[in-house]
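**Student:**
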Amino acid sequence: MNFRKLLRRNETVLIFAIIVFSLVIGSKSPEFFTIANLFDILRSSFVQLIFALGVLIVIISGGIDVSFPIVGIFAGYTAVVIMRKFELNEESVLVPVALAILIGIILGGLNAIAIAGFEIPTLIATLGTAGIFRGFMLSFIGASFISDIPLGLDNFSTADLIKFESEAGTLVRLHVLVIPVALITLAVSLLLNRTIFGRSVYALGGGVESTRRLGISVKRTQAKIYMLVGGLSGLAGILYVSLQRKANPYDLAGSELDVIAAVVLGGASIMGGYGTVFGTVLGVLFINMIKNNLVLLGVSSSWQRAAVGVLLIIGITIQAIGENQKQKRQRSATSKEAE
Amino acid sequence: MNERLQRFSTAGLLADRKVTQLMGFTTFTLIFFTVFSFNIFFTPENFRSMAYQVPEIAILSIAVMLSMLTGGIDLSIVGISNAAALVAAYIMTQKMTEGGDISTMWIIAACLAGILIGLICGAINSVLIAILNVTPILATLATMTLFNGIAIGITNGVSVSDLPKQFMRVGNGTFLGIPTPFVLMVVIAIFVGYLINRTSLGLKVLLIGTNRKAAQYSVMGDRKVIAWTYIISGLLSSLAGLIIASRTSAASPDFGNSYILLAIVVVVLGGINPMGGFGTVTGVVLATIVLQMVSSGFNALRFSQFFYLLAQGGVLVLVMILNTVLEKRRLNRSINKSLDS
Numbered sequence: 018m019n020f021r022k023l024l025r026r027n028e029t030v031l032i033f034a035i036i037v038f039s040l041v042i043g044s045k046s047p048e049f050f051t052i053a054n055l056f057d058i059l060r061s062s063f064v065q066l067i068f069a070l071g072v073l074i075v076i077i078s079g080g081i082d083v084s085f086p087i088v089g090i091f092a093g094y095t096a097v098v099i100m101r102k103f104e105l106n107e108e109s110v111l112v113p114v115a116l117a118i119l120i121g122i123i124l125g126g127l128n129a130i131a132i133a134g135f136e137i138p139t140l141i142a143t144l145g146t147a148g149i150f151r152g153f154m155l156s157f158i159g160a161s162f163i164s165d166i167p168l169g170l171d172n173f174s175t176a177d178l179i180k181f182e183s184e185a186g187t188l189v190r191l192h193v194l195v196i197p198v199a200l201i202t203l204a205v206s207l208l209l210n211r212t213i214f215g216r217s218v219y220a221l222g223g224g225v226e227s228t229r230r231l232g233i234s235v236k237r238t239q240a241k242i243y244m245l246v247g248g249l250s251g252l253a254g255i256l257y258v259s260l261q262r263k264a265n266p267y268d269l270a271g272s273e274l275d276v277i278a279a280v281v282l283g284g285a286s287i288m289g290g291y292g293t294v295f296g297t298v299l300g301v302l303f304i305n306m307i308k309n310n311l312v313l314l315g316v317s318s319s320w321q322r323a324a325v326g327v328l329l330i331i332g333i334t335i336q337a338i339g340e341n342q343k344q345k346r347q348r349s350a351t352s353k354e355a356e
Numbered sequence: 510m511n512e513r514l515q516r517f518s519t520a521g522l523l524a525d526r527k528v529t530q531l532m533g534f535t536t537f538t539l540i541f542f543t544v545f546s547f548n549i550f551f552t553p554e555n556f557r558s559m560a561y562q563v564p565e566i567a568i569l570s571i572a573v574m575l576s577m578l579t580g581g582i583d584l585s586i587v588g589i590s591n592a593a594a595l596v597a598a599y600i601m602t603q604k605m606t607e608g609g610d611i612s613t614m615w616i617i618a619a620c621l622a623g624i625l626i627g628l629i630c631g632a633i634n635s636v637l638i639a640i641l642n643v644t645p646i647l648a649t650l651a652t653m654t655l656f657n658g659i660a661i662g663i664t665n666g667v668s669v670s671d672l673p674k675q676f677m678r679v680g681n682g683t684f685l686g687i688p689t690p691f692v693l694m695v696v697i698a699i700f701v702g703y704l705i706n707r708t709s710l711g712l713k714v715l716l717i718g719t720n721r722k723a724a725q726y727s728v729m730g731d732r733k734v735i736a737w738t739y740i741i742s743g744l745l746s747s748l749a750g751l752i753i754a755s756r757t758s759a760a761s762p763d764f765g766n767s768y769i770l771l772a773i774v775v776v777v778l779g780g781i782n783p784m785g786g787f788g789t790v791t792g793v794v795l796a797t798i799v800l801q802m803v804s805s806g807f808n809a810l811r812f813s814q815f816f817y818l819l820a821q822g823g824v825l826v827l828v829m830i831l832n833t834v835l836e837k838r839r840l841n842r843s844i845n846k847s848l849d850s
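Protein chains in written order, with the numbering used here: chain A, 18 to 356; chain B, 510 to 850.
1. Strictly below 8 angstroms CB to CB, what residues from chain B border A:F153?
2. Taking 9 angstroms as the cut-off, decide whether the C-beta atoms of A:A92 and A:L124 are in contact.
3. Would you identify the three-state DSSP class for A:I177, choosing helix, strand or coil?
4. Looking at chain A, is there any beta carbon in it that lies within less than 9 angstroms of the beta carbon of B:I582?
5. Where B:K527 and B:V793 are concerned, what is the direct C-alpha to C-alpha distance, given to the nearest angstrom?
6. Using DSSP with H/G/I as helix, E/B as strand and the rest coil, what is B:G521?
7. With 9 angstroms set as the bound, which would you pick, yes or no: does the beta-carbon of A:M18 sit closer than that to a beta-carbon of chain B?
8. According to DSSP, simplified to helix, strand and coil, what is A:L188?
9. When burial is assigned at 16 or more other CB atoms within 10 Å of the CB, is B:A723 buried or exposed?
10. Compute the Euclidean distance between the alpha carbons of B:S509 and B:A759, then round it to the nearest angstrom.
11. Does any CB atom of chain B fall closer than 9 angstroms to the CB of A:V252?
12. Round the Cβ separation of A:I32 and A:L299 to the nearest angstrom and send it over; I've been treating them as touching at under 8 angstroms.
13. Answer yes if the segment 286-297 of chain A comes into contact with the segment 129-139 of chain A, meaning at least three C-beta pairs across the two stretches below 8 angstroms, and no otherwise.
14. Decide if B:Y726 is buried, meaning its Cβ has at least 16 other Cβ atoms within 10 Å, or exposed.
15. Please report the residue range of the alpha helix (DSSP H) in which A:Y219 lies.
16. Have a look at the DSSP bridge pairing and note the partners of B:T683.
17. Check whether the segment 324-336 of chain A touches the segment 643-655 of chain B, taking contact to mean three or more Cβ pairs, one atom from each stretch, closer than 8 angstroms.
18. Which residues in the same chain have their Cβ closer than 6 angstroms to the Cβ of B:G588, if we skip the five residues on either side of it in sequence?
19. How about B:A796 and A:G152: are their beta carbons less than 9 angstroms apart?
20. Alpha carbon to alpha carbon, what distance is there between B:M532 and B:Y739?
21. Out of A:T51, A:P47, A:A53 and A:A69, point me to the one whose CA is closest to A:I304's CA.
22. Note the first and the last residue of the continuous alpha helix (DSSP H) segment covering B:W737.
23. Can you give me the C-alpha to C-alpha distance between A:R101 and A:A117, rounded to a whole angstrom?
24. List the residues of chain B whose Cβ lies closer than 8 angstroms to the Cβ of A:F135, in chain order.
25. Mind listing the chain B neighbours of A:A337? Cutoff is C-beta to C-beta under 7 angstroms, in chain order.
26. Closest Cβ-Cβ distance between B:F534 and chain A: below 9 angstroms?
27. Grab the span of the alpha helix (DSSP H) containing B:S804 for me, first residue to last.
28. Is B:L514 helix, strand or coil when you go by DSSP?
29. Do you know how far the Cα of A:V88 is from the Cα of A:L252?
30. Please name the residue, chosen from A:L245, A:G326, A:L111 and A:E354, that lies closest to A:L170 on a Cα-to-Cα basis.
31. Between the segment 139-164 of chain A and chain B, which residues of the former have a C-beta closer than 9 angstroms to a C-beta of the latter?
32. Taking C-beta pairs closer than 7 angstroms, name the residues in chain A that B:S813 reaches, listed in chain order.
33. With a threshold of 9 angstroms between beta carbons, is A:V376 in contact with chain B?
34. Kindly indicate which residue of A:M306, A:L144, A:V225 and A:Y94 has the alpha-carbon position closest to the one of A:M154.
35. So for A:I81, helix, strand or coil by DSSP?
36. Quick one: is the Cβ of A:S174 within less than 8 angstroms of any heavy atom of the ligand GTP?
What follows is the structure, encoded as structure tokens:
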């Protein structure tokens, strides 16, 4: 029974899918099974994973946030602008990161006011604030591309943990970010599973009214959630700027779908109440693996978006069918009890 | 029928009040921009250009409105309209001779193919939402990526331009002195208005939006009704796509990405409850006109397009806040009234 349950879990299905895809791609092109490729997939997953952790928390709580990429680039870009304007310590990495997280928390706080304070549906509230933030950034903070970002951030983009030359002569690098990202992932996992706040996020997704009856303040929990997501988005935004070695205010907009797709593929239920950090990590890795290696399969990179769409539809269909069956079972169980 | 609607809830009255408010708002915007930018805003040219730009947004917004009336949402409208426009444009450019001549038959065939694409895309949404029970937000988010992705994949992200002259005449011509797209919009608005207010499908749509559980228990075939809404929404999106293609003489996979936010702003400003249940086509059309005036007015006052984006988001959030605050006050008042009596 337990074994069957384990098989049915989304994470198991995902691991299986990852293995199958790896074998398919690997059999077509041996380039896939190299450490360089693995490190590349990891590097392109860092920013997405941090965004995804934020989105996971929102989705577990039964909401949806489409403003996070805008919050991210707003925070990243504004932090760079502030650094340059006030000529803060060029060498430091921590100052811009702290600035970006702070800006992210403030923007998340504005989301929280709209959602927790005025009870606007989350999708509509975040669509609106995304427009406001993007419009505000481009009309008042700056609309031009900054290529000379502070030295500290610039150097950080090439700070490698492992660096060696492969047999083929290419440089293989693993970015140092892998450690902090792993720590953040662990922290979010602990936060969701081991703290009162984390459990109330799950409770909120299970049902707003029942959460209220439990004596948990719905508004306060929601406010914390959206501020936390803002902070995570700000961090992801500044890391994006650092890894790209440029601050482009037009970037990231429109990337919300890939992240939401990764979280949903990772098994988080869009109705709220269910989702795991492990699933999200797998979802992000899976999507990046597919996106990075479509070319190796002989598919043109312009099909990336369609591939994400197909994956997402397959993922939600599997989830929906499972959900429908569960409901049917519950219904028949209750009717049997009634007899 | 109308009486029945009003009796069954206060929806009729409330919607009417919203339309009255909007009319006041429209007049205010008109006067505001006329005062601040008389020479550029209050000119026949400006009004003509607005009449060409309003229809596409209005039709897309009506498509969103239909899904919102059932308590859902359709985010794939822009994806569908671009896909439909691209297919039609592709057929036209293929069948066009060197000199740019093409028989009217082929133009009609191309448009029909575009509409067919809209219906198919709508049907895919229907299958996901009505049959598989996927949440509308997620389903249409996924299909939006899919339709957009397929369009990018096929065209390699390049737009199809230089469409035949006869086709462009639809989007840029006039009918009895009124811009043709505007006439088309009025026809579509009347059709959808009739659908909502005078047919059983429309009544069922409103009932499902008000209370899905109750609708299920009254065995009205709620899945079928929802399926129809998304198919009609797909149809309307494809029509909007064809109008855009005909006006701009081009079709591109990433045209009008900002229209999703705009359409939702229009619908919410037009007095549609995002939870479903009530709303009027008149409100949506009026809201489109208000926002178009704001956009043209900002242009006349030389504000940037990003400032307009900010204004859109601001209007959306403010209207929602206003709605919830007013709703709460109304609720409190009616509770107090019933307590007093």
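For each residue, glycine too, the CB sits at the ideal point set by N, CA and C.
**Tutor:** On the basis of the coordinates in this document:
1. For a Cβ distance threshold of 8 angstroms, residue set L819 of chain B lies close to A:F153, ordered along the chain.
2. Yes, they are a contact pair.
3. Per the sequence shown, residue 177 of chain A should be read as Asp rather than Ile. Three-state DSSP puts A:D177 in a strand.
4. For B:I582, the answer is yes, since a Cβ of chain A falls inside 9 angstroms of its Cβ.
5. Spanning the two alpha carbons is a distance of roughly 11 angstroms.
6. Reliability of the predicted coordinates at B:G521 is poor, the pLDDT of 46 falling under 50, and the value obtained from them is presented with this limitation in mind. Here B:G521 carries a helix assignment [DSSP, helix/strand/coil].
7. Any reading at A:M18 needs caution, since the residue's pLDDT is 49, under 50, leaving its predicted position unreliable; the model's value is listed next. Cβ-Cβ to chain B under 9 angstroms: no for A:M18.
8. Strand.
9. That one is exposed.
10. This structure cannot speak to residue 509 of chain B, because chain B is shown only from 510 to 850.
11. It should be noted that the sequence gives Leu, not Val, for residue 252 of chain A. So no, A:L252 is outside the interface.
12. About 7 angstroms; that satisfies the 8 angstroms criterion.
13. They do not touch, by the three-pair rule.
14. A residue is called buried once 16 or more other Cβ atoms fall within 10 Å of its Cβ, and B:Y726, having fewer, is exposed.
15. Per DSSP, A:Y219 is one residue of the alpha helix (DSSP H) stretching across I213 to G223.
16. BP columns for B:T683 point to B:P688.
17. Judged by pairs of C-beta atoms under 8 angstroms, the segment 324-336 of chain A touches the segment 643-655 of chain B, as three or more such pairs exist.
18. Here the set comprises M653, F656 and N657.
19. In this structure, the beta-carbon distance from B:A796 to A:G152 does not fall below 9 angstroms.
20. So the two alpha carbons sit approximately 29 angstroms from each other.
21. Of the candidates A:T51, A:P47, A:A53 and A:A69, the one whose C-alpha sits nearest the C-alpha of A:I304 is A:A69.
22. Boundaries of the alpha helix (DSSP H) around B:W737: D731 to T757.
23. Each residue's alpha carbon lies about 14 angstroms from the other.
24. Neighbours of A:F135 across chain B, judged by C-beta separation under 8 angstroms: M829, I830, T833 and V834.
25. Per Cβ cutoff of 7 angstroms: L641, N642 and V643.
26. It does not; no Cβ of chain A falls within 9 angstroms.
27. Per DSSP, B:S804 is one residue of the alpha helix (DSSP H) stretching across V790 to A809.
28. Here the model assigns B:L514 a pLDDT of 47, short of 50, so the residue's position is not dependable and the matter cannot be decided.
29. Cα to Cα, A:L252 sits roughly 10 angstroms from A:V88.
30. Taking only the C-alpha atoms, the option nearest A:L170 is A:L111.
31. Near chain B, meaning a CB-to-CB distance below 9 angstroms, the residues of the segment 139-164 of chain A are L140, I141, A142, L144, G145, T146, A147, G148, I149, F150, R151, G152, F153, M154, L155, S156, F157 and A160.
32. Listed along chain A are S156, each with a C-beta nearer than 7 angstroms to that of B:S813.
33. The requested residue 376 of chain A does not occur in the structure, where chain A is confined to residues 18 to 356.
34. Looking only at A:M306, A:L144, A:V225 and A:Y94, the smallest Cα-Cα distance to A:M154 is reached by A:Y94.
35. In the displayed model, A:I81 falls within coil according to three-state DSSP, outside both helix and strand.
36. Among the components modelled here there is no ligand, and therefore nothing to report on the ligand GTP.
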